[in-house]
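*Asks:* In this note's numbering, the protein residues as written are 10 to 65.
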């Protein structure tokens with residue numbers, strides 16, 4: 010029965026580590042994105058152009 014308690018503790022520990030890893034990744038990624046946008050400002054580019062409207 011002790012092994013079941015130990016396995017549950019390990020599972021909880023791994024879950025906490027996974028959640029902390031996700032939070033850390035998003036925090037660092039957000040900071041890097043802000044730095045990138047401040048250092049290299051770029052105008053957004055359309056990924057496609059619409060055809061010109063021709064008047065008859």
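From the three backbone atoms N, C-alpha and C, an ideal C-beta is built for every residue, glycine too. All values derive from a computational prediction rather than experimental measurement.
Going by DSSP in three states, residue 57 sits in which element: helix, strand or coil?
*Replies:* The answer is coil: DSSP assigns residue 57 none of H, G, I, E or B.
*Asks:* Between residue 61 and residue 48, what straight-line distance do the alpha-carbon atoms span, to the nearest angstrom?
*Replies:* Roughly 34 Å separates the two Cα atoms.
*Asks:* In terms of residue numbering, what span does the alpha helix (DSSP H) encompassing residue 63 cover?
*Replies:* That residue, residue 63, is in no alpha helix (DSSP H); it is neither H nor E in DSSP.
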